[in-house]
Amino acid sequence: MHTLADAPTDGRTWSDLDDFQAFIDAGGMVEPGDDMPDEFRSEVFRFIEFHANSELMGGLTERDWIPHAPGLRLKQIFLAKTQDEIGHAHLLYMVAADMGVKTRTEMLEQLFDGRSRFHNVFHYKAVTWADQVAIAFLVDAAAFASQRAVFAECTYGPYKRVLKRIVAEEGFHMRHGEEMLLRLATGTDTQRVMFQDALTRWWWPAVHLFGPDSPSGDTDPLIRWKIKSQRNEVLRQAYVQKYVPLLHGYGFDIPDNELHQDADGLWQAGSIDWEPLKATMRNGGPDSARRIATAAGNWADTAWVREALEQ
Amino acid sequence: MSALSSVPVESLVRLVTDAVASVHDPEYPDVSIADLGLVESITVSESGDVAAIGLIPTFSGCPALDMIATDVEAAVLALTEVQQCTVEWLPGPVWTNERLTDRARTTLADEFTVVLRRKDGGLRCPICGSDAVVDQSLAGPTRCRSVAWCDSCRNPVEVMR
């Protein structure tokens, strides 16, 4: 039986990109010791670095809300989620650093200098507790769908092995999100209004998370090399399909005037304004500067720990 | 409440045990909580329709406890023979990784690349079989795991504590 723990065959080489593509198309899995094409190395590295940065910035947000979570049980859940996200970032940074493009310290310093990228959803401000619920219910679900689609293929062995555990844990977070949403949705009018306001703030960032349509045909190298198994627009459409009826079912409004069901009964989002996404990718989102500065402050404040560990 | 069926209590205990074992850990979707060693006691009343399940947590701060208890209750109540079910997290005995069954160890290693420390303190890489596994951090993504690195196949390896 093929398992994720199959011993990798190291040190393979390919004569050119076509030869490498044939290996990928035949179901091949690339391992760290392989002489992978530079293009593959740099694309996969960038993708994992982005994922690692996003887990770290997401974990810092979860942490900020531990004191504000209502009740001991939810505090415990937020503590655990924070540990999950930071732990995921750690594993991903290990895999990324091993690819030899940047060291872990370089990745972190560039992130804290505002010279790196992370998921758009971590560039917005969470205003009330309901925002955290909307993030857990909507954003975690979007991230989960996107990660699961990477795990489904994922031709870089170490990344796929880490993703297995990440996807399992994110699935667990989603159940917490559903539980928290249910509490607000069946709560007082004030709670419902709080959630509606949060939904209005977070719907579009969640939809944006999947990114604009993938480049046409097979021109997206991440799809061609089977890092991503699905095109962005396919994942986005599946998400809209699932979450519109769920949110309507709880009696909430989705902030999209053009949202409608087509002749086949499929929900179609209105035209999407991608400018807010582009702004976050330049670290120019509504809360980017504060978040990056806070993370940089943490990094500076904990320098003594790193120094002590090096003694 | 009267006994609903003529099923003997021993058979009911077996049914309830199977139902409990059908619950998987939320963070390891392929691993049964029975194989993780979380199930400490299962009793069924003489009347046959009340089940009491005693579980022990891997770590007391584990965020999955409520979810696991809810899943266990639902699985047991899905049995038509059982009318009531209580699930309790017991204060003892303390969970250790010796409670993991071989099946759990195999799945954790093969599917999740999570291993247990050997008696001699060493670690064997679940991916390439090398002993060149170096501890990296006591804190992993969950309370029950730490993080190591295999210098041989260059993969992160997680260690069940």
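Chains as they are written, first to last, in our numbering: chain E, 946 to 1256; chain P, 477 to 637. Backbone N, C-alpha and C fix where the C-beta goes; we use that ideal spot for every residue, glycine too. Model, not experiment: these values are computed from the prediction.
CB of residue i within 8 Å of CB of residue j, strictly
{"i": "residue 563 (chain P)", "j": "residue 529 (chain P)", "result": "yes"}
{"i": "residue 618 (chain P)", "j": "residue 603 (chain P)", "result": "no"}
{"i": "residue 570 (chain P)", "j": "residue 635 (chain P)", "result": "no"}
{"i": "residue 1046 (chain E)", "j": "residue 987 (chain E)", "result": "yes"}
{"i": "residue 1059 (chain E)", "j": "residue 1228 (chain E)", "result": "yes"}
{"i": "residue 552 (chain P)", "j": "residue 495 (chain P)", "result": "yes"}
{"i": "residue 1137 (chain E)", "j": "residue 1126 (chain E)", "result": "no"}
{"i": "residue 968 (chain E)", "j": "residue 1237 (chain E)", "result": "no"}
{"i": "residue 1204 (chain E)", "j": "residue 1215 (chain E)", "result": "yes"}
{"i": "residue 574 (chain P)", "j": "residue 491 (chain P)", "result": "no"}
{"i": "residue 1177 (chain E)", "j": "residue 1158 (chain E)", "result": "yes"}
{"i": "residue 622 (chain P)", "j": "residue 611 (chain P)", "result": "yes"}
Proximal residues to residue i (C-beta, below 8 Å), its chain only, five neighbours per side dropped
{"i": "residue 1105 (chain E)", "result": "949, 974, 1096 and 1099"}
{"i": "residue 1012 (chain E)", "result": "1020"}
{"i": "residue 1231 (chain E)", "result": "1068, 1069 and 1070"}
{"i": "residue 1112 (chain E)", "result": "1089, 1092, 1093 and 1096"}
{"i": "residue 1123 (chain E)", "result": "1082"}
{"i": "residue 1242 (chain E)", "result": "none"}
Residues of its chain near residue i, where Cβ-Cβ distance is below 7 Å and the 5 sequence neighbours each way are ignored
{"i": "residue 977 (chain E)", "result": "1043 and 1103"}
{"i": "residue 1198 (chain E)", "result": "1141"}
{"i": "residue 477 (chain P)", "result": "With a pLDDT of 43 at residue 477 (chain P), under the threshold of 50, the modelled position of that residue is not reliable, and the figure given next carries that caveat. Only 523, 525 and 559 meet the Cβ criterion."}
{"i": "residue 579 (chain P)", "result": "511"}
{"i": "residue 535 (chain P)", "result": "619 and 620"}
{"i": "residue 1108 (chain E)", "result": "1092, 1095, 1096 and 1099"}
{"i": "residue 1040 (chain E)", "result": "993, 1103, 1104 and 1107"}
C-alpha distance - residue i paired with residue j, whole-angstrom precision
{"i": "residue 583 (chain P)", "j": "residue 511 (chain P)", "result": "10 Å"}
{"i": "residue 1114 (chain E)", "j": "residue 1221 (chain E)", "result": "29 Å"}
{"i": "residue 479 (chain P)", "j": "residue 524 (chain P)", "result": "At residue 479 (chain P), the pLDDT of 47 sits below 50, so the modelled position is not reliable; the number obtained from the coordinates is stated separately. So the alpha carbons of these two residues sit roughly 6 Å apart."}
{"i": "residue 962 (chain E)", "j": "residue 982 (chain E)", "result": "7 Å"}
{"i": "residue 1038 (chain E)", "j": "residue 1049 (chain E)", "result": "6 Å"}
{"i": "residue 518 (chain P)", "j": "residue 549 (chain P)", "result": "12 Å"}
{"i": "residue 946 (chain E)", "j": "residue 1171 (chain E)", "result": "Because the pLDDT at residue 946 (chain E) is just 45, under 50, the model does not fix this residue reliably, and the point stays unresolved."}
{"i": "residue 1072 (chain E)", "j": "residue 1084 (chain E)", "result": "15 Å"}
{"i": "residue 614 (chain P)", "j": "residue 1202 (chain E)", "result": "50 Å"}
{"i": "residue 1226 (chain E)", "j": "residue 531 (chain P)", "result": "47 Å"}
{"i": "residue 554 (chain P)", "j": "residue 1004 (chain E)", "result": "37 Å"}
{"i": "residue 538 (chain P)", "j": "residue 1018 (chain E)", "result": "11 Å"}
{"i": "residue 616 (chain P)", "j": "residue 483 (chain P)", "result": "46 Å"}
{"i": "residue 1249 (chain E)", "j": "residue 1054 (chain E)", "result": "16 Å"}
{"i": "residue 576 (chain P)", "j": "residue 1218 (chain E)", "result": "51 Å"}
{"i": "residue 506 (chain P)", "j": "residue 500 (chain P)", "result": "7 Å"}
{"i": "residue 1223 (chain E)", "j": "residue 1234 (chain E)", "result": "15 Å"}
Beta-carbon proximity list for residue i, same chain, < 6 Å, skipping 5 on both sides
{"i": "residue 545 (chain P)", "result": "563"}
{"i": "residue 609 (chain P)", "result": "599, 601, 624, 626 and 633"}
{"i": "residue 1246 (chain E)", "result": "none"}
{"i": "residue 485 (chain P)", "result": "520 and 524"}
{"i": "residue 1200 (chain E)", "result": "1145 and 1148"}
{"i": "residue 1101 (chain E)", "result": "975 and 989"}
{"i": "residue 502 (chain P)", "result": "540 and 543"}
{"i": "residue 957 (chain E)", "result": "979"}
{"i": "residue 1169 (chain E)", "result": "1163"}
is_contact[residue i, chain A] using C-beta, thresh 8 Å
{"i": "residue 631 (chain P)", "result": "No chain A is present in this structure, whose protein chains are E and P."}
Residue-level contact to chain E via CB, residue i, 8 Å cutoff
{"i": "residue 540 (chain P)", "result": "yes"}
{"i": "residue 625 (chain P)", "result": "yes"}
{"i": "residue 543 (chain P)", "result": "yes"}
{"i": "residue 503 (chain P)", "result": "yes"}
{"i": "residue 517 (chain P)", "result": "no"}
{"i": "residue 617 (chain P)", "result": "yes"}
{"i": "residue 587 (chain P)", "result": "yes"}
{"i": "residue 613 (chain P)", "result": "yes"}
{"i": "residue 549 (chain P)", "result": "no"}
{"i": "residue 634 (chain P)", "result": "yes"}
{"i": "residue 537 (chain P)", "result": "yes"}
Short CB-CB distance (under 8 Å) between residue i and chain P
{"i": "residue 1039 (chain E)", "result": "yes"}
{"i": "residue 1098 (chain E)", "result": "no"}
{"i": "residue 926 (chain E)", "result": "A query on residue 926 (chain E) cannot be resolved here, the shown segment of chain E reaching from 946 to 1256 and no further."}
{"i": "residue 1209 (chain E)", "result": "no"}
{"i": "residue 1120 (chain E)", "result": "yes"}
{"i": "residue 1117 (chain E)", "result": "yes"}
{"i": "residue 989 (chain E)", "result": "no"}
{"i": "residue 1110 (chain E)", "result": "yes"}
{"i": "residue 1012 (chain E)", "result": "no"}
{"i": "residue 1043 (chain E)", "result": "yes"}
{"i": "residue 1103 (chain E)", "result": "yes"}
- Query: For the segment 1078-1090 of chain E against the segment 1144-1152 of chain E, are there 3 or more C-beta pairs whose distance is under 8 Å?
  - Reply: Contact between the segment 1078-1090 of chain E and the segment 1144-1152 of chain E is present, because at least three Cβ pairs lie under 8 Å.
- Flag this pair as touching only if the segment 1160-1173 of chain E and the segment 1188-1207 of chain E have three or more C-beta atom pairs under 8 Å; answer yes or no. no
- Query: Should the segment 1116-1126 of chain E be called in touch with the segment 1013-1032 of chain E, which here means at least 3 C-beta pairs below 8 Å?
  - Reply: Judged by pairs of C-beta atoms under 8 Å, the segment 1116-1126 of chain E touches the segment 1013-1032 of chain E, as three or more such pairs exist.
- Counting pairs of Cβ atoms below 8 Å between the segment 988-1001 of chain E and the segment 1053-1064 of chain E, do you hit three or more? yes
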